[in-house]
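Working notes, beginning with the structure itself.
4 protein chains.
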Amino acid sequence: MKILAIHGSSRSNGNTEKLTAKALEGLNVTHVQLRDLQIQPIDDLRHEPGGFKPVDDDNDHLVNLILEHDILVFATPVYWYGMSGIMKNFVDRFSQNLRDERYDFKAEMRKKQAYVICCGGDNPKIKALPLIQQFNYIFDFIDLEFSGYVIGQAGKPGEIENDRQAIQYAIELNEHLKSL
Amino acid sequence: MKILAIHGSSRSNGNTEKLTAKALEGLNVTHVQLRDLQIQPIDDLRHEPGGFKPVDDDNDHLVNLILEHDILVFATPVYWYGMSGIMKNFVDRFSQNLRDERYDFKAEMRKKQAYVICCGGDNPKIKALPLIQQFNYIFDFIDLEFSGYVIGQAGKPGEIENDRQAIQYAIELNEHLKSL
Amino acid sequence: MKILAIHGSSRSNGNTEKLTAKALEGLNVTHVQLRDLQIQPIDDLRHEPGGFKPVDDDNDHLVNLILEHDILVFATPVYWYGMSGIMKNFVDRFSQNLRDERYDFKAEMRKKQAYVICCGGDNPKIKALPLIQQFNYIFDFIDLEFSGYVIGQAGKPGEIENDRQAIQYAIELNEHLKSL
Amino acid sequence: MKILAIHGSSRSNGNTEKLTAKALEGLNVTHVQLRDLQIQPIDDLRHEPGGFKPVDDDNDHLVNLILEHDILVFATPVYWYGMSGIMKNFVDRFSQNLRDERYDFKAEMRKKQAYVICCGGDNPKIKALPLIQQFNYIFDFIDLEFSGYVIGQAGKPGEIENDRQAIQYAIELNEHLKSL
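Protein chains in written order, with my numbering: chain Y, 1 to 180; chain V, 1001 to 1180; chain D, 2001 to 2180; chain Z, 3001 to 3180.
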């Protein structure tokens, strides 16, 4: 089982990253920081003659990483009750990926599993539920199995340690992933 | 009543734009296309000494526009069951706006009203509801009154014309805005 | 097209009933008031030897009505952000209907369309969205097509007249149903 | 800390009950089974002269129990993506409780905390999220603090044992309640 953790935070060592580290401790994981990549916003050319045009950025690199792994962990802080903008731009590009002839994006995703790990400061166990529902629709559209999520309550750096429920679930998830 | 329409689409003349045009027909509206602006993703420095640093992009310009208008229309296509990535990056920057000492963002937003207009191709009247809930939390946080929303069903260019319910509500909204 | 309106209100002539009347004006409609029927809460015997036992109440009568109609309108006030308890008890019995050998409930529902009409007093256009999502899951489970919904804002008797958007949707729906 | 567990299931010893037992093990708890009480559906007389009339059923008894406890656990199976009909009828009566002059329902609820424990068979960690959102709105309206929830995945009797995440949450909650 090869695991890819896709991090959407703008800062290093934040609560979401810490919670994700707990969940993936001792496992063989490739980490990718979206903030270190250039992923252009989608240019929606679905309905143009010729369709999408190649974009000179890191999306190809990221798609290749995705194709090589079995489990995808979407680790994003809850920014304004959604995923971060840089993660959203990455997801928006799925529209282009789906039409890329170099691979069959949906067929590849069908073989994988996805997890979402997110932390927020404003009552995320209620207010991040629309985000979870969104991820569910996203994964459903590309036939990617949604295997679980962890929502952590944390604002200031390090605060995630106080959310025993989230920490416990990360540990649980860790054991589960190790058993695969 | 001065109206600012903030467009989040990557392409011109799409369904969301058409539906928004119907809602704002004959009114005095400033239109801004996020795709024509440079808005950097948030760099979350809330917890750093010194806090946020000035960013050399169009966010100041956009905030100035917002401050000058009474009604804000968030017009975004439904990309992957959420607002577009470029609109999300703009919203993420609210965290920085809230800490900007040149204006009191929340106090200013409290005087305004917001509408959301969005179109999607995959059953948006159900699957865009998490997006509406997200906007509700966003507006709530900044004390911006959420005055209404229109969800249109449309995939291919021009298809919004077939969604009579959405068109009718746009007309309704238009009459309402004219009566203010 | 034979239409069955299933009313979940505890009082006659309320806002939901008025809004539903507007949507169904001039059409051939059978109205059924759940408050006038006896529908027992589900007794979940799915996992008992022998399964469900016949219940001596009006559920059979109601199922027969459902089977005879093509379009089902679920008209419920928003009570505590959900459908009314008497409507919920009726829906809970679907578990029993699905196992009733006198008819194939799911196969029958697959031929029909459903609409939801609901009114609430506390910001229902946001706070009734979980209810709409619930109905979507319910209809999805029984393969019943969810053809549309109207959410009205109204507290005191008659107040629905002030919600022009909802009234307009009802008129729109009326025209649509007449065109079938 | 006096704990009241309000059970909404139609059958004894189901998965929700088992999960709740795990969460409340070793604590001093009053259990009440809604299926053993008579709670009439609400008769919405808010707008009638004279208002609500006394109802001869077990609601008074249940309200008295509520008033005497500090922590309320709403334990309901997920029936059709919502709380059970008998629990909904109990919640609907809050409208009457709020107008009962023998106590100040809202002021009393403000002193308490609520938890929700629910189990469902059809992907509840996604499809029960609208139910959680509903409970959030319900508790919010009566100023009752929503302190946490556990969603278990389980269909057949006993299956909840296989949901390690839910079991772990229940244990966590148990430790938390013991520490109060």
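For glycine and all other residues, C-beta sits at the position ideal for the given N, C-alpha and C.
Exposure of residue i, with buried meaning 16 or more beta-carbon neighbours within 10 Å
{"i": "E1017 (chain V)", "result": "buried"}
{"i": "H3047 (chain Z)", "result": "exposed"}
{"i": "R1164 (chain V)", "result": "exposed"}
{"i": "A2170 (chain D)", "result": "buried"}
{"i": "Q2038 (chain D)", "result": "exposed"}
{"i": "E2172 (chain D)", "result": "buried"}
{"i": "K1022 (chain V)", "result": "buried"}
{"i": "N28 (chain Y)", "result": "exposed"}
{"i": "M3001 (chain Z)", "result": "exposed"}
{"i": "L3072 (chain Z)", "result": "buried"}
{"i": "P2124 (chain D)", "result": "buried"}
{"i": "N1089 (chain V)", "result": "buried"}
Rounded Cβ spacing between residue i and residue j (contact assumed at less than 8 Å)
{"i": "P2130 (chain D)", "j": "Q3134 (chain Z)", "result": "5 Å"}
{"i": "V1078 (chain V)", "j": "G1120 (chain V)", "result": "3 Å"}
{"i": "N2015 (chain D)", "j": "G2148 (chain D)", "result": "Not quite, the Cβ-Cβ distance comes to about 19 Å (not below 8 Å), so this is no contact."}
C-beta atoms of residue i and residue j nearer than 7 Å
{"i": "A2128 (chain D)", "j": "V2150 (chain D)", "result": "no"}
{"i": "S10 (chain Y)", "j": "D1043 (chain V)", "result": "yes"}
{"i": "A114 (chain Y)", "j": "F139 (chain Y)", "result": "yes"}
{"i": "G3051 (chain Z)", "j": "R3102 (chain Z)", "result": "no"}
{"i": "L144 (chain Y)", "j": "M87 (chain Y)", "result": "no"}
{"i": "T1020 (chain V)", "j": "L1004 (chain V)", "result": "no"}
{"i": "N3174 (chain Z)", "j": "E3025 (chain Z)", "result": "yes"}
{"i": "Q3168 (chain Z)", "j": "Q168 (chain Y)", "result": "yes"}
Chain-ordered chain C contacts of residue i [CB-CB under 8 Å]
{"i": "Y169 (chain Y)", "result": "The chain labelled as chain C is not found among the protein chains of the depicted structure, namely Y, V, D and Z."}
Among the options, nearest to residue i - alpha-carbon criterion
{"i": "K111 (chain Y)", "options": "Y:F146, Y:Q33, Y:T20", "result": "Y:F146"}
{"i": "I126 (chain Y)", "options": "Y:Y81, Y:L27, Y:G51, Y:L19", "result": "Y:Y81"}
{"i": "A2107 (chain D)", "options": "D:G2158, D:L2067, D:N2123", "result": "D:L2067"}
{"i": "D2058 (chain D)", "options": "D:I2071, D:F2052, D:M2109, D:P2041", "result": "D:P2041"}
{"i": "A1075 (chain V)", "options": "V:D1143, V:R1035, V:D1056", "result": "V:R1035"}
{"i": "G2085 (chain D)", "options": "D:K2156, D:V2032, D:H2007", "result": "D:H2007"}
{"i": "R93 (chain Y)", "options": "Y:P49, Y:L24, Y:L45", "result": "Y:L45"}
{"i": "V1116 (chain V)", "options": "V:D1104, V:D1122, V:N1136", "result": "V:N1136"}
{"i": "L1180 (chain V)", "options": "V:I1132, V:V1063, V:P1054, V:D1070", "result": "V:D1070"}
{"i": "G1155 (chain V)", "options": "V:L1177, V:C1118, V:L1062, V:I1132", "result": "V:C1118"}
{"i": "P1049 (chain V)", "options": "Y:K178, Y:L62, Y:L177, Y:P157", "result": "Y:P157"}
{"i": "I160 (chain Y)", "options": "Y:D122, Y:N64, Y:K178", "result": "Y:D122"}
{"i": "G65 (chain Y)", "options": "Y:K53, Y:M83, Y:F105, Y:P54", "result": "Before going further, note that residue 65 (chain Y) is Leu rather than Gly in the sequence given. For the residues Y:K53, Y:M83, Y:F105, Y:P54, the minimum Cα distance to L65 (chain Y) belongs to Y:F105."}
{"i": "I1132 (chain V)", "options": "V:K1178, V:D1056, V:M1083", "result": "V:M1083"}
Distance cut-off 6 Å: residue i Cβ against heavy atoms of the ligand FAD
{"i": "P124 (chain Y)", "result": "In the structure on display, the ligand FAD does not appear, and there are no ligands present to speak of."}
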